[in-house]
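For the sequence shown, the residue numbers in my numbering are 19 to 358. Even glycine gets a Cβ: it sits at the ideal position worked out from N, Cα and C.
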Amino acid sequence: MPNQDSINSELEVVSLKAPAIPRRSRLFPIEPIGVGTAYTESLTSYLNRLAQEHCLTSRTLIMREIAPQIMGQDFEVSYRKKKVSSLFANTDAKPALNGMKTMTQNLTQALEYLTQREDLKILSFLTWKRVISERELFRQYRAWCPDCYEQWKQEKKSIYEPLLWSFRDVKICLHHQCQLIDECPHCGSRLPVIANFLLPGFCSRCKEWMGRDKDGRKSTHPRDIEEIRSNITSIGELIAVVPQLKYEPTMEELIRKLQFISFVFESAVSKDLTRFVALGNIMEQLKIAVGQHQNKPFHLVKLIIPVCQRANLTLSQLFLEDIQWLSRILFEHFHLGYKV
């Protein structure tokens, strides 16, 4: 007959404590589109698709779920019947909402809490807030490529708005070699990125499909495309590289890199005066910008992109690589005899 000790050793120990249950998300944690590419989805596009996934209008989702998270104790039940303009004023309902605004941060945090996702910050330009100025960076209204919309529809892909389309300098679609449209071809309206009812790919005013514009749409001459291709490609690079960053770029690090590039430019000109023709203007701009920055972010299109072009660097190299790597590449490119 087994003794008491052997019986006890064979009994399974069962904990009477309630098991830890992970927190469930309030909203579907749908996957953002195009992450890690130049065509990463914008934050406002994600919001509008989220409403569509829940069979809700944008207004209902915003005022019933998002507004309480953003407003906190200031939220009142009566707000649920109001229009989105009571939360997103005219200044907030523009493409800059996908940029670096305080409301961008608030909206991101609210959506991350409701979906339990931790990667929605990459759907805006918040990562670059410390180092890049938002001045003249974003559009005033929605812009889109009707050929992209039509292609995605024909291929039965999700219709969305890439973050790239929010930028003022992105005036053409490099894929379809055509101009972006910023007015509805049916009603002529200029459209906000947040509205009471907004289905991706449709006009929020007349509710018409905006894919494949009417025959009167202007084409873009190949030469015109080449003139602005560099800016568009560089902006797309910054969007695509965000998931690879180990930490947010800081002013201190960027200034050190720009000062080093300035030194390389000056050394290159000293060695070969003919380089002054190509480098003289950007050297002066860079010297002024770095000397007078006062911790103010730098202009992307007017300074950072031209500096990288003259240095034969990509923007991803500028922000991903360290000074030692940059020095080796730049010394080699400008044929300088310095050793790292």
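Secondary structure of Ile341 (DSSP, three-state): helix. Going by DSSP, Trp170 is part of the alpha helix (DSSP H) stretching over Pro164 to Gln172.
A straight line joining the alpha-carbon of Ala56 with that of Lys35 spans about 48 Å. If you look at Gln134, you'll find it isn't in any alpha helix (DSSP H); DSSP assigns it neither H nor E.
Sorting Arg247, Asp290 and Met269 by C-alpha distance to the C-alpha of Cys196 places Arg247 at the top. With fewer than 16 other Cβ atoms inside 10 Å of its own Cβ, Asp92 counts as exposed. Residue environment analysis places Ser104 among the exposed positions, since fewer than 16 neighbouring C-beta atoms fall within 10 angstroms of its C-beta.
In the displayed model, Cys221 falls within coil according to three-state DSSP, outside both helix and strand. Between the segment 292–308 and the segment 173–183, the count of Cβ pairs shorter than 8 Å is below three; the stretches do not touch. Judged by their CB atoms, Phe106 and Leu155 are not nearer to each other than the 8 Å cut-off. Under the criterion of beta carbons closer than 8 Å, Leu144 and Gln123 qualify as touching, at roughly 6 Å.
In the displayed model, Pro50 falls within coil according to three-state DSSP, outside both helix and strand. Pro86 carries a helical assignment under DSSP once its states are collapsed to helix, strand and coil.
Under DSSP, the beta-bridge partners assigned to Pro180 are Glu59.
Membership of Cys326 in the alpha helix (DSSP H) is indicated by the continuous run Ile323 to Ala329.
For Gln70, the secondary structure class from DSSP, reduced to helix, strand or coil, is helix.
Nearest to Leu333 by C-alpha distance, out of Met228, Glu152 and Glu255, is Glu255.
Nearest C-alpha to Glu49 among Arg67, Phe278, Arg274 and Asp200: Arg67. Taking a 10 Å sphere around the C-beta of Thr62, we find 16 or more other C-beta atoms and assign the residue as buried. Using a Cβ distance threshold of 8 Å, Ser142 and His317 do not count as a contacting pair. Around the CB of Lys225, fewer than 16 other CB atoms lie within 10 Å, so the residue is classed as exposed. Judged by beta-carbon spacing, Leu138 lies beyond the 8 Å limit of Ala161, meaning their Cβ atoms are not closer than that value. Take the alpha-carbon of Cys205 and the one of Cys221: they are about 9 Å apart. Linking Leu321 to Val287 through their CA atoms gives a straight-line distance of about 19 Å. When DSSP states are grouped into helix, strand and coil, Ile212 belongs to the coil group. Rounded to whole angstroms, the gap between the alpha carbons of Lys112 and Ile212 is 7 Å.
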